[in-house]
Amino acid sequence: MSRRTWTYVCLLLGIAGLVYVAVALVVDELRTSQRQAHYLSDFARGLTFEEQPGASGAIRFPMHGPADTRFGYTWIPQLTTRLEARGFTREAQARQSPALMHWLDSGMYAPYREKTTAGLQLLDCHGETLSPRRYPEQQYAGFADIPPVLVNSLLFIENQSLLDPEFPERNPAVDWRRLARAALDLPLRAIDPENSTPGGSTLATQIEKFRHSAGGRTESVREKFRQMGSAAVRAYRDGPDTTLARQRIVTDYLNAVPLAARSPVGEILGIGEGLALWYGTPFEEANRELHALDMHAPTPRQGEIYKQMLSLVVSQRRPSYYLRRDTDELAAMTDSYLRLLAAAGIISPALRDAALQASLHKAPPPVPLASSSFVASKAVNQVRSELARLTGVASRYDLERFDLQAASTINGVLQARVAEALQAIRTPAGARSFGLYGKNLLREGDDPSRLNVSFTLYELDGDSSALRVQADTLDQPFDLNTGARLNLGSTAKLRTLVTYLEIIAELHSRYAALDDIGLHAQTPERDDALNRWAIDYLLRTRDRDLGAMLDAALERKYSDNDSELFLTGGGLQKFSNFESAKTGQMLSVRMGFRNSVNLVFIRLMRDIVRYETYRAVPEAAAILSGQAADARLAYLRQFADQEGAAYLTDFQRIYRGLPRAQRVARLLDRVKPVPTRLAVALRSADPALGVDDFARTLRARLPRQRLTDADVQTLYDKYAPERFSLNDRGYLSGIHPLELWLVAHLERYGDTSLDRLLQESKAVRQEVYNWLFKTSRTGAQNTRIRTLLEQAAFERIGKRWQRLGYPFDTLTPSYAASIGASGARPAALAELASIILNDGRRPPVTAVEALDIGSDTPFATRFRFRPASGEQLLVPEIASRVRDAMRDVVDNGTARALRPFFQKAAGSAGPPLVLAGKTGTGDHRHQSFSPSGALTASRAISRTANFVFTIGERFYGTVTIHVGEPYAARYSFTSGLAVRLLGGLAPEIVAALQLPGTGARLACPRTPDSGLAGSTPVSMSASTPL
1 MSRRTWTYVC LLLGIAGLVY VAVALVVDEL RTSQRQAHYL SDFARGLTFE
51 EQPGASGAIR FPMHGPADTR FGYTWIPQLT TRLEARGFTR EAQARQSPAL
101 MHWLDSGMYA PYREKTTAGL QLLDCHGETL SPRRYPEQQY AGFADIPPVL
151 VNSLLFIENQ SLLDPEFPER NPAVDWRRLA RAALDLPLRA IDPENSTPGG
201 STLATQIEKF RHSAGGRTES VREKFRQMGS AAVRAYRDGP DTTLARQRIV
251 TDYLNAVPLA ARSPVGEILG IGEGLALWYG TPFEEANREL HALDMHAPTP
301 RQGEIYKQML SLVVSQRRPS YYLRRDTDEL AAMTDSYLRL LAAAGIISPA
351 LRDAALQASL HKAPPPVPLA SSSFVASKAV NQVRSELARL TGVASRYDLE
401 RFDLQAASTI NGVLQARVAE ALQAIRTPAG ARSFGLYGKN LLREGDDPSR
451 LNVSFTLYEL DGDSSALRVQ ADTLDQPFDL NTGARLNLGS TAKLRTLVTY
501 LEIIAELHSR YAALDDIGLH AQTPERDDAL NRWAIDYLLR TRDRDLGAML
551 DAALERKYSD NDSELFLTGG GLQKFSNFES AKTGQMLSVR MGFRNSVNLV
601 FIRLMRDIVR YETYRAVPEA AAILSGQAAD ARLAYLRQFA DQEGAAYLTD
651 FQRIYRGLPR AQRVARLLDR VKPVPTRLAV ALRSADPALG VDDFARTLRA
701 RLPRQRLTDA DVQTLYDKYA PERFSLNDRG YLSGIHPLEL WLVAHLERYG
751 DTSLDRLLQE SKAVRQEVYN WLFKTSRTGA QNTRIRTLLE QAAFERIGKR
801 WQRLGYPFDT LTPSYAASIG ASGARPAALA ELASIILNDG RRPPVTAVEA
851 LDIGSDTPFA TRFRFRPASG EQLLVPEIAS RVRDAMRDVV DNGTARALRP
901 FFQKAAGSAG PPLVLAGKTG TGDHRHQSFS PSGALTASRA ISRTANFVFT
951 IGERFYGTVT IHVGEPYAAR YSFTSGLAVR LLGGLAPEIV AALQLPGTGA
1001 RLACPRTPDS GLAGSTPVSM SASTPL
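Mind the numbering: the sequence shown is residues 1 to 1026 in the UniProt record's numbering, read in order.
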């Protein structure tokens, strides 16, 4: 052999050797993953995150993925925007390492120790759990808890070599045999897309798919490689040895595999939830039975449970199809796998046969868990509502599945005790123990179970206000504190007093700098009492300080006489005092507020309305005197249009949807059975009605009158619609002209919408009020104009009230608004108290002080409520004088029964508590009056006892006791009932006030930089390796 030949031989042998070595290395790597294990574990060590104070400039968030969305991680950017716009700041946030950010920017998934269960956790102000809920609830705590037969069956079907102990560094993200087979099957899928050939996924990549891939699906080859790469790095985050990581993969898979959804629980995740919700098998029983399994002698129940578990493992490929639509196909496929498992020696023939004999019976839809009493969860529901408002996550289902811990301001212990007390007083024995029976309270025989009781307590804390207690006795989602419009009685005098003092402050600002000549030059209208008093006061006094003027305003006197009739609210009204026998005095505003004298505040509101009238319509006096003729005519036309529209709205409600015969019958039922009246109404309702139909209808309505054909013809001809104006026909029939017009309009055009009806009746409404435009009707005209001017004034008063928290768009335009006729909400009353207590500045109110989303993840973000100082709505001089007036109510007025309770509870420790408040008795009635103002009918709709209070310099709240129809008429309690109830709660409340020597064990921590739960400082976590 030549030398050249030897050279070629040696070269070929060398190449063959290199190829052999390369192939050996590849084969070895495919079997052991030894080299990639060390590379990937070193790489993973650089992917870290660390939670640090403040907002992070080094963070990325997932954009999709079922688990990332379910846990709320994809929401964090928009949550940040919303929360920071609502007074929250990022107190702490994760900082991701540059390597981790680069990894995420390349489209990969963050490799950290992921949670398989999470849920909204609400904490009280002490860090105690108010509402624990985890989704899913039934899971394996660790690998050792899983029955071996389930593990072996899962691996046989999905990932046979996953737990092979021979190669501890094996990469669990790749199963080369399955991957190769999947690659060979690709052409088959291209030819037949419906061909269900198995994919190349491992359990590890399946987890990445159903947690992080968009829609939980693999839509491309690129997405498959993304899953494999992410799963591989995740597996090596704790080092080259993946033994424990592979066991975790099995555990995580069984805990988190999606198993479709079922009403009413929603998405079902994991074998534990699947067993319970699809088959009705308790998770604990299933594991107990399979852990005790004897392969050679399984019981029928063990065979059934094993088959159920196996069917869930099999169904994961198309869970909605198999579990919701075709359970027969699922049963057949499960039986097929049972035979394969037995043939492979994974299960015994005995277990196979026991399972084959069992049937897969789908359980009926789960019954929703009976929710806890709404009474017990009122505060929790309020916090949930606040969270929904803050986060913009309207779905409670979604919010409760967030990986979110929310620290509320609720004092859990005090909340529970107050709720328990409110429930107790709904029994006669409980009400008696609170002293709720007596004069102006409950009477003997009154049933306290009909009472709905609401209590709130807030605390000023720095620049904000925290809800500490919100409880009521309504065992339903409706919240009496924030959801109702109630007549809260004389608590409206508190708003009226504030408005009065605001006006005095405005007049001070307008006139205080003028000298006497300037003051004499002012020409307020004769009935503008407040303007006139302000000028007169400043002319008489040397002390033009605002405080002095406010004090003087509180000493202005009004009569408490209840014999006067007041033109207000569109008619004459008469008002009375609670103690009507003591009328005839001139009382100061301060005294009227202390003793809650209605007529003092009715007359005060009249002065306020007149002041606002001339602010809203400066030419009001000229309009009423006739000097501004054009404006006067415009007001009369406005009144005609407005009142006519109101009448038409009522009439449309009566006739809407009725067929023709019933419509005419309904009209005639409202007519006095007199031939003339019936004839006019009938001819007006249907001008085209023939004489024969007219005669039949008339005779049917007047059976006792013998009407001849001539009589009928005379009535028919005489009262033809064209012979009389609409007003005349209304007069002759005794029916409002607009009602006659409406019935005729419906007869001609059929049903129509109210908006269209009002549009088409504009000219008719003016025609009907022609009588009002006559110059002889000056008195009637002025009455109507005053009604419109009063409405304009109340629009301005309403805006004042709304600025201070009044919750409704409009006020009832009547002096009675000063004593509660416009209604209110306890929560709005508490807001007003907070402004008064806080020197005129509105404190931002919250029930949530901190949010921690995604803790121990690379996306961890912690928010804390740190609002800017609230808006200054009242000058401090007004707030201080209103506080003094409220204190006078407790010290000397209608709430003086309260002080002994708190004195006893507080004992002699420290200075006496400063208590203040305003009482109110709401007696909501439907009343009818005669044209002269006399009461003709009255029906009790609801009754309330109310007390808005402040305690010390920080605490404030409300007590409301309400009873509605048909029970309201049975009770005669007054606001004293609310005062007495608050007194009964005094021991628990005092314990929460942090008073020395009072055992303030219930007090919430007030450290502004406290941790999420209110007691643990923010801690810096060490860098978390991935």
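From the three backbone atoms N, C-alpha and C, an ideal C-beta is built for every residue, glycine too.
Residues that DSSP places opposite residue i in a beta bridge
i    : result
Y135 : A118
G964 : S942
L422 : BP columns for L422 are empty, so no partner.
N452 : H962
I735 : None, per the DSSP bridge assignment.
G445 : G445 is not bridged to any residue.
Proximity below 7 angstroms, CB of residue i to CB of residue j
i            : j    : result
R883         : A830 : no
E965         : I941 : yes
R248         : G107 : no
G730         : P721 : no
T334         : S311 : yes
E747         : D686 : yes
E612         : I797 : yes
L667         : V743 : yes
G805         : L788 : no
G584         : N561 : yes
I735         : A681 : yes
residue 1029 : S213 : Residue 1029 lies beyond the range of the chain shown here (1 to 1026); nothing can be said about it.
P62          : T48  : no
L507         : L550 : no
Y635         : E525 : no
R652         : L758 : Here residue 652 turns out to be Gln, not Arg, going by the sequence shown. Contact: no.
D650         : R765 : no
V589         : R556 : yes
Contact belief for residue i with residue j at Cβ below 8 angstroms, rounded distance in angstroms
i    : j     : result
F88  : D403  : That belief does not hold up - the Cβ atoms of F88 and D403 are roughly 18 angstroms apart, past 8 angstroms.
L414 : L1002 : 5 angstroms
R803 : L851  : Actually they are not in contact, since the Cβ atoms of R803 and L851 sit about 30 angstroms apart, beyond 8 angstroms.
V149 : L203  : That pair is no contact at about 17 angstroms.
S464 : T846  : 6 angstroms
A350 : M295  : 7 angstroms
L486 : H962  : 6 angstroms
P298 : A354  : 5 angstroms
R426 : S449  : 5 angstroms
A256 : I207  : 7 angstroms
Q470 : A379  : 5 angstroms
A492 : R610  : Wrong, their Cβ atoms sit about 19 angstroms apart, outside the cutoff.
G984 : F434  : 4 angstroms
F210 : P258  : 5 angstroms
V383 : S408  : 5 angstroms
Chain C contact for residue i (CB, 7 angstroms cutoff)
i   : result
Y39 : Considering every chain present, this structure includes no chain C. It has just one protein chain.
Minimum length 4: unbroken alpha helix (DSSP H) runs contained in the region 252-280:
Fully enclosed alpha helix (DSSP H) runs of 4 or longer: 270-274.
At least three beta-carbon pairs within less than 8 angstroms, the region 562-573 to the region 859-866
With fewer than three CB-CB distances shorter than 8 angstroms, the region 562-573 does not count as touching the region 859-866.
Are at least three pairs of beta-carbons, each pair with one atom in the region 940-953 and one in the region 824-839, less than 8 angstroms apart?
Look at the beta carbons and you see the region 940-953 touching the region 824-839: at least three pairs across the two are nearer than 8 angstroms.
Runs of beta strand (DSSP E) lying entirely within the region 555-611, each at least 3 residues, in chain order:
Runs found: 557-559, 565-568, 571-574, 586-588.
Tell me whether the region 893-912 and the region 953-965 touch, counting them as touching only if at least three CB pairs, one residue from each stretch, are closer than 8 angstroms.
No, the region 893-912 does not touch the region 953-965.
Taking only runs of the beta strand (DSSP E) that begin and end inside the region 626-689, which ones reach a length of at least 3 residues, in chain order?
For the region 626-689, not a single whole beta strand (DSSP E) run of length 3 or above is found.
Runs of 3 residues minimum, wholly inside the region 309-376: which ones carry the beta strand (DSSP E) assignment?
Fully enclosed beta strand (DSSP E) runs of 3 or longer: not present.
Tell me, please, whether the region 435-453 touches the region 963-983 by the rule of three or more beta-carbon pairs shorter than 8 angstroms.
Counting Cβ pairs under 8 angstroms, three or more are found: they touch.
Take every Cβ of the region 588-595, pair it with every Cβ of the region 836-854, and state whether three or more of those distances are shorter than 8 angstroms.
Output reads no: the region 836-854 does not touch the region 588-595.
How about the region 620-635 and the region 805-812: do they share at least three Cβ pairs that are nearer than 8 angstroms?
Fewer than three beta-carbon pairs drawn from the region 620-635 and the region 805-812 are found closer than 8 angstroms, and the two stretches are therefore not classed as touching.
Please go through the region 467-554 and give each complete alpha helix (DSSP H) segment of 4 or more residues, from N-terminal end onward.
As for any alpha helix (DSSP H) of minimum length 4 sitting wholly inside the region 467-554, the runs are 492-511, 516-520, 529-540, 546-554, ordered along the chain.
Can we say the region 109-120 touches the region 388-407, given the rule of at least three CB pairs closer than 8 angstroms?
Short answer: they touch.
Inter-stretch contact (C-beta, 8 angstroms, three-pair minimum) for the region 122-134 and the region 254-270
When Cβ pairs closer than 8 angstroms are counted between the two stretches, the region 122-134 is seen not to touch the region 254-270, the count staying below three.
Runs of alpha helix (DSSP H) wholly within the region 717-779 (minimum 4 residues, chain order)
Runs of the alpha helix (DSSP H) inside the region 717-779: 726-733, 737-749, 754-760, 762-768.
May I have a chain-ordered list of the beta strand (DSSP E) segments no shorter than 3 residues that lie completely inside the region 386-432?
Those beta strand (DSSP E) runs which fall completely within the region 386-432 and span 3+ residues are 404-408.
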